[in-house]
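*Asks:*
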Amino acid sequence: MRKIISVFPFQTTTVSLTGERCSLRCKHCNGHYLSGMRTLDRLKGSEKSVLISGGCNANGEVPLLEFASKIMEIKRKSKIILHPGLFPPDKAKMLRKLADRIAFDFVGSSETIREVYGLNKKVNDYLSSFCTLSSQTPTIPHITIGLHGGKIKGEWNALELLRSTNTKIIVFNVFIPTPGTVYECFSPPPVDDVLRLLGAAREQFSKVFLGCMRPGGAYRSKLDSQIVDQHVVDRIVMPAPNTFKKVKASSIFTECCIL
């Protein structure tokens with residue numbers, strides 16, 4: 002049995018290219034998570050790795066290419082993870098020189114894309130973007146379980162589609178009811194539903210990671226503990242204290258989990 006690695010990504014700095022600005026203001030986020038990121042002018046130049054994200058434009062794309070020269074400058078000293086949003090396939094080649102890894106939010110429900118993101122896009126648009134990016138740069142799909150206000154909508158379809166692309170690594174996050182959003186009073190998906198998805202992914206993909214975005218408190222403690230007991234992930238980011246005690250302290254990684 003492979004050991005589970007605990008990830009504490011304090012050596013990866015997160016950056017928002019747009020500050021707190023985002024045109025979409027999605028129902029689950031509303032730009033909230035951009036506020037905790039640095040801006041480009043606050044980088045020290047000594048970062049081991051940098052996760053570059055930002056708010057999306059009206060088409061769901063993070064404006065990475067507008068900052069290409071600055072990103073190239075950062076890449077001379079640091080590993081780069083790009084979070085592109087729904088990136089146009091015809092521009093995918095342009096990211097090849099900018100990124101060591103790409104973190105791609107994959108959605109398996111057109112209804113969720115419309116209702117949560119407010120985009121007039123389909124699942125096939127996300128599949129096309131993902132496949133084109135993957136052909137140029139190592140691209141790791143991220144699925145947020147319960148993205149649709151805590152409901153399981155397109156997650157199973159996402160697994161099926163990603164399996165058809167010969168994807169090796171998959172990252173799961175879990176919907177967080179976030180203050181100041183449309184979904185702030187909604188509940189995260191039941192832990193058992195999350196475990197079923199992770200268990201299925203464990204059978205279908207080479208590596209399964211539990212990412213940093215998931216609820217805290219008692220929910221996190223219960224979820225993390227059962228995940229480790231069932232051994233359905235290879236890496237777990239910022240495990241709950243009760244879970245960390247179950248994982249050997251020597252098995253620690255200190256950068257973004259997809260590096």
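Its first residue numbered 2, the sequence shown is counted upward by one per residue in this note's numbering.
Glycine included, C-beta positions come from ideal geometry on N, C-alpha and C.
1) What do you reckon, are the CB atoms on residue 155 and residue 109 nearer than 8 angstroms?
2) Quick check on the burial criterion: 16 or more other C-beta atoms within 10 angstroms. Buried or exposed for residue 193?
3) Closer than 6 angstroms by C-beta to residue 170: which residues in its own chain qualify, once you throw out the five before and the five after it? Chain order, please.
4) What does the Cβ neighbour count give for residue 215, buried or exposed, with the cut at 16 atoms within 10 Å?
5) Check whether the Cβ atoms of residue 17 and residue 51 lie closer than 8 angstroms to each other.
6) Nearest to residue 113 by CA position, among 12, 64, 81 and 29, is which residue?
7) When the distance is taken between beta carbons, is residue 87 closer than 8 angstroms to residue 60?
8) Can you give the Cα-Cα distance for residue 161 and residue 73, rounded to whole angstroms?
9) Out of curiosity, what's the CA-to-CA distance linking residue 118 and residue 56?
10) Taking residue 60 as part of the alpha helix (DSSP H), name the residues at either end of that continuous run.
11) In chain order, what residues of the same chain lie with their CB nearer than 7 angstroms to the CB of residue 129, ignoring the 5 residues before and after it?
12) Run through DSSP, which three-state label would residue 26 get?
13) What does the Cβ neighbour count give for residue 206, buried or exposed, with the cut at 16 atoms within 10 Å?
14) Can you tell me which of the three DSSP states residue 90 falls into?
15) DSSP three-state call for residue 41: helix, strand or coil?
16) Ignoring anything shorter than 3 residues or poking outside the region 99-142, list the beta strand (DSSP E) runs there in chain order.
*Replies:* Taking the definition as stated:
1) yes
2) exposed
3) 141 and 208
4) buried
5) no
6) 29
7) yes
8) 35 angstroms
9) 12 angstroms
10) Premise fails: residue 60 is in no alpha helix (DSSP H) and is neither H nor E.
11) 90
12) coil
13) buried
14) helix
15) helix
16) 102-106
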